[in-house]
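Data first, discussion second: the structure below is written as structure tokens.
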Amino acid sequence: MADIPTLGVEEEFLLVDPESGAPVALNHEVADRAAELDVELQLELTSCQVETTTDVVDDVDDLRENLVRLRRTVANAAERAGARLLAVGLPPTLPHEFPVTDTPRYNDIGRRFGMIAHEQGICGCHVHVAVPDRDTAIAVSNRLRPWLPSLLALTANSAIYRNADTGHASWRSVLWARWPSAGPPPHFDSAEEFDAAVQMLCQGDVIRDDGMVYWDVRPSKNFPTVEVRVADVPATVAETVLFAALVRGCVMTAVDDERRGAPVLPLAPYALKAAYWKAARNGIDGDGLDLENHVAAPMLGLLDRLVEHVRPALEAAGDDEMVTTGLEMIAERGNGATRQRRAWGSRHDVEDVVAEAAAATLEAP
């Protein structure tokens, strides 16, 4: 097994009105308050969102401490700015609009992409894992593709949107797929082929720039990492740590398989699309699509299979017990989508969903 790589996590959060739960365009104000508390936030496409970035860490205990500190600090900054911080994939309430953040790049994206850009408020979680080079990042991407639906189902946290149950555990992933460069990554034979595809998208005016390569796995543009972007932002810190540990285990296993020359699972695009849909539809509470045998299978069983696939990596990193315990808790209590639907309940009162999401955002791991 390869050396244990470092990792880092980016989490996107929604800013809402403390009374109504509606998204509020206060990202600049919250970023200013966070800076006073020594936390630098990134501004997202829509002005009701902010993004945190952890330190680069070696182990999940440090990651957990980073995530707890950042969520608590940004929640404090949001309160000072007159907002409430929610770790949700989409706004549960009915927004009046999603104004684009006032920067030249985001304004241009808004003009080019219309309602796709303006109807956002989409919050995800991105895990960066160190890899030796960009060719390795591409090889890892190819080998992660069959496991992406399971990771999506695990983190699903956008069942309630616009005052309604969407019928999907991750409606975020359905909306996100409207972008021309989003969803599961294609199979690429090299970094050069990846670069040629991105160049075609840019020259064809399909995307504005290479920062709009939104595939769910991609080589990072700025860091020596592979970035896995498939997840809704998880409801709790514990779920984010679980997701990050599994992603690192997947990357380590893929690097090891690549070095050994292990075969890559043949994967038809239509099969992967179908597996994505079932993961988005059912989350952890129903069947997924077994991409090896092409049959429906319980998603919790598919997640168990994923853990067995990466167990040597989890053991090498010291994450095995934490991941096993975390998945047992998810199976018992549910994930973010389960929590949202439980709060929605028979009352169908979105205030209950917002309150549950706010509590989960700051829940002690």
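When we follow my numbering, the leftmost residue of the sequence shown carries the number 27, and every step to the right adds one.
Think of the CB as a built atom: it goes at the ideal place given N, C-alpha and C, for glycine as much as any other residue.
Got a sec, what are the start and stop residues for the alpha helix (DSSP H) residue i sits in?
i	result
Val263	Val263 to Arg286
Phe39	No alpha helix (DSSP H) contains Phe39, which is instead part of the beta strand (DSSP E) from Leu33 to Val42.
Gly150	Element bounds for Gly150: not the alpha helix (DSSP H) but the beta strand (DSSP E), Gly150 to Ala156.
Glu354	Asp346 to Arg359
Pro130	Pro130 to Phe139
Ile164	Arg160 to Leu170
Thr181	Leu174 to Thr181
His54	Asn53 to Glu62
Val10	What is shown of the chain runs 27 to 391, which leaves residue 10 out entirely.
Asp88	Val86 to Arg106
Ala222	Ala217 to Gln229
Gly362	Gly362 to Trp370
Which residue's Cα is closest to the Cα of residue i: the options?
i	options	result
Trp173	Val86, Thr266, Arg331 and Glu377	Arg331
Asn6	Asp345, Leu326, Gly312 and Pro292	The chain is shown from 27 up to 391; residue 6 falls before or after that span and cannot be answered.
Thr127	Ala51, Met325 and Phe139	Ala51
Asn248	Gln366, Trp205, Ala294 and Val155	Val155
Pro31	Tyr302, Ala357, Thr387 and Ala342	Ala342
Arg98	Gly140, Thr78, Ala271 and Cys149	Thr78
Met278	Thr162, Val83 and Arg373	Thr162
Asn361	Trp370, Glu265, His54 and Ala306	Glu265
Glu37	Gly150, Val252, Val336 and Val256	Gly150
Val267	Arg373, Leu340, Arg365 and Ala381	Leu340
Arg286	Glu389, Met226, Ala165 and Leu326	Ala165
Ala384	Gly371, Arg373 and Gln366	Gln366
Pro295	His335, Val157 and Pro211	Pro211
Asp29	Asn183, Ala280, Glu347 and Ala322	Ala280
Leu388	Asn102, Val157 and Arg198	Asn102
Pro158	Glu382, Val336 and Pro245	Pro245
Gly230	Glu253, Pro206 and Phe214	Pro206
Leu69	Pro125, Gly327, Ile356 and Ser199	Pro125
Glu382	Asn183, Val254 and His335	Asn183
His413	Glu45, Leu328 and Asp311	Past the boundaries of the shown model lies residue 413; the chain is included only from 27 to 391, so the question cannot be answered.
Asp7	Cys74, Leu33, Leu67 and Glu55	A query on residue 7 cannot be resolved here, the shown segment of the chain reaching from 27 to 391 and no further.
Arg359	Asp346, Val336 and Ala386	Ala386
Leu328	Leu227, Ala57, Ala357 and Arg90	Ala357
Mind checking which residues open and close the beta strand (DSSP E) that includes residue i?
i	result
Val252	Thr251 to Asp258
Leu315	Asp313 to Asp316
Leu293	Leu293 -> no beta strand (DSSP E), and no H or E assigned at all.
Arg110	Arg110 to Leu112
Val321	Val321 to Pro324
Just grab the DSSP bridge partners of residue i for me.
i	result
Gln75	Leu40
Asp191	Ile186
Arg244	Glu253
Ala381	According to DSSP, which records beta bridges pairwise, Ala381 is partnered with nothing at all.
Ala208	Tyr240
Leu69	Val76
Pro49	Val42
Val83	Leu33
Ser196	Ser184
With distances taken between CB atoms, is the gap from residue i to residue j smaller than 8 Å?
i	j	result
Asp258	Ser196	yes
Ala217	Arg160	yes
Gly314	Ala363	no
Asp85	Gly275	no
Asp64	Arg169	no
Pro391	Thr262	yes
Ile135	Trp202	no
Glu354	Gly47	no
Ala61	Val100	no
Val379	Val273	no
Leu298	Arg204	no
Val35	Ala270	yes
Ala305	Leu317	no
Val76	Asn92	no
Thr80	Leu96	yes
Asp191	Trp303	no
Ala179	Met325	yes
Val333	Val321	no
Val256	Asp242	yes
Val252	Ser167	yes
Against chain D, does residue i count as a neighbour if the rule is that its beta carbon must be under 8 Å from one of theirs?
i	result
Asp311	This model lacks chain D altogether; it includes just one protein chain.
message: Quick test of the definition: if touching needs 3 or more C-beta pairs under 8 Å, does the segment 175–190 touch the segment 115–134?
response: Under the Cβ criterion (8 Å, minimum of three pairs), the segment 175–190 counts as touching the segment 115–134.
message: Assess contact between the segment 101–115 and the segment 31–44, defined as three or more Cβ pairs (one per stretch) separated by less than 8 Å. Is contact present?
response: The segment 101–115, when compared against the segment 31–44, does touch it at the 8 Å Cβ threshold.
query: Touching or not, the segment 233–240 and the segment 128–135, by the rule of three or more beta carbon pairs under 8 Å?
result: Contact holds between the segment 233–240 and the segment 128–135, because three or more Cβ pairs, one in each stretch, are under 8 Å apart.
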